[in-house]
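Sequential numbering of the sequence shown, starting at 1, is according to this note's numbering.
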Amino acid sequence: MVSIMKISELSLETGASLATIKYYLREGLLPAGERSAPNQATYSKAHVRRIHMIRALTDVGGLAVSDAKRVIDAIESDLPLTRAFEIAQRTVSEQVDPESLDDDAISTIDSAIAGWACEPTDPGRLAAARVVMNFRKAGQGTDSGWLASYAEAAQLVAKADLDLVETRPDLASRAETVVVGTVLGDALFAALRRSAQAAESVRRYGDPER
């Protein structure tokens with residue numbers, strides 16, 4: 001890959017159409033190239049990486065372009081990592097109205113995550129309470145051991161996420177990992193959970209066709 005390229009070469013390198021790249025530039029998701037002539041600009045490896053990140057956020061993470069811009073703005077700011085995390089989480093999370101939740105569901109989740117530094121409006125806390133509430137409405141019940149196992153698994157994943165962040169050399173790359181990891185980590189964990197469920201069911205109950 002060449003280090004400096006024209007917009008047509010940037011398109012070939014990333015697989016993004018010229019129209020898409022110009023849209024990213026117009027919307028502020030992609031920084032402008034360096035002017036080489038009145039109507040020409042050159043682009044770098046940083047632009048290639050940014051386009052791949054935008055597409056990961058929108059195509060894999062399912063973010064709207066406006067939401068992708070919000071989390072990218074967080075990357076480019078000097079905000080603390082905890083604030084970048086908050087922006088990423090609130091952007092990718094559905095906003096749950098606390099008034100729509102029953103007190104018992106909230107209490108159940110608060111017991112499962114006791115000791116965690118969560119604000120009352122934490123989107124994960126509220127979304128988890130809604131899951132518990134709907135699980136019970138479906139007649140499934142929510143065994144405390146089941147919730148405790150989920151909370152323990154979530155902590156392990158969170159530690160892995162932060163361990164990955166700490167391998168990055170500077171604040172900007174750490175913020176980038178925070179944002180991308182938050183968005184794509186959800187998709188990764190869901191995918192791995194599916195495979196783990198299949199493997200565990202075979203281990204427990206067998207599969208005569210395997």
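In this text, a Cβ means the ideal position worked out from N, Cα and C, and glycines have one as well.
Check, Outcome
"Taking one C-beta from the region 167 to 186 and one from the region 56 to 75 each time, how about it: are there three or more such pairs within less than 8 Å?", "yes"
"Roughly how far, in whole angstroms, is the beta-carbon of Y24 from the beta-carbon of G33, given that I think they are within contact range, below 8 Å?", "About 12 Å; that fails the 8 Å criterion."
"Thinking C-beta only, is P123 closer than 7 Å to Q155?", "no"
"How is T167 classed by DSSP in three states: helix, strand or coil?", "coil"
"For A68, which residues in the same chain have their Cβ closer than 7 Å to its Cβ, ignoring the five residues on either side in sequence?", "L29, I54, L57 and T58"
"Please determine, among I51, R26, E152 and G15, the residue with the shortest C-alpha to C-alpha distance to V180.", "I51"
"Which of the three DSSP states is assigned to Q89 in this structure?", "helix"
"Check whether the Cβ atoms of L147 and A129 sit closer than 7 Å, and answer yes or no.", "no"
"Excluding sequence positions up to five away, which residues of its chain have a Cβ less than 6 Å from the Cβ of R168?", "R174 and T177"
"Strictly by DSSP, which residues pair up with Q40?", "A37"
"Leaving out five residues before and five after T91 in sequence, what residues of the same chain have Cβ atoms less than 6 Å from its Cβ?", "D67, R70 and V71"
"State yes or no: is the C-beta of A151 within less than 7 Å of the C-beta of A112?", "yes"
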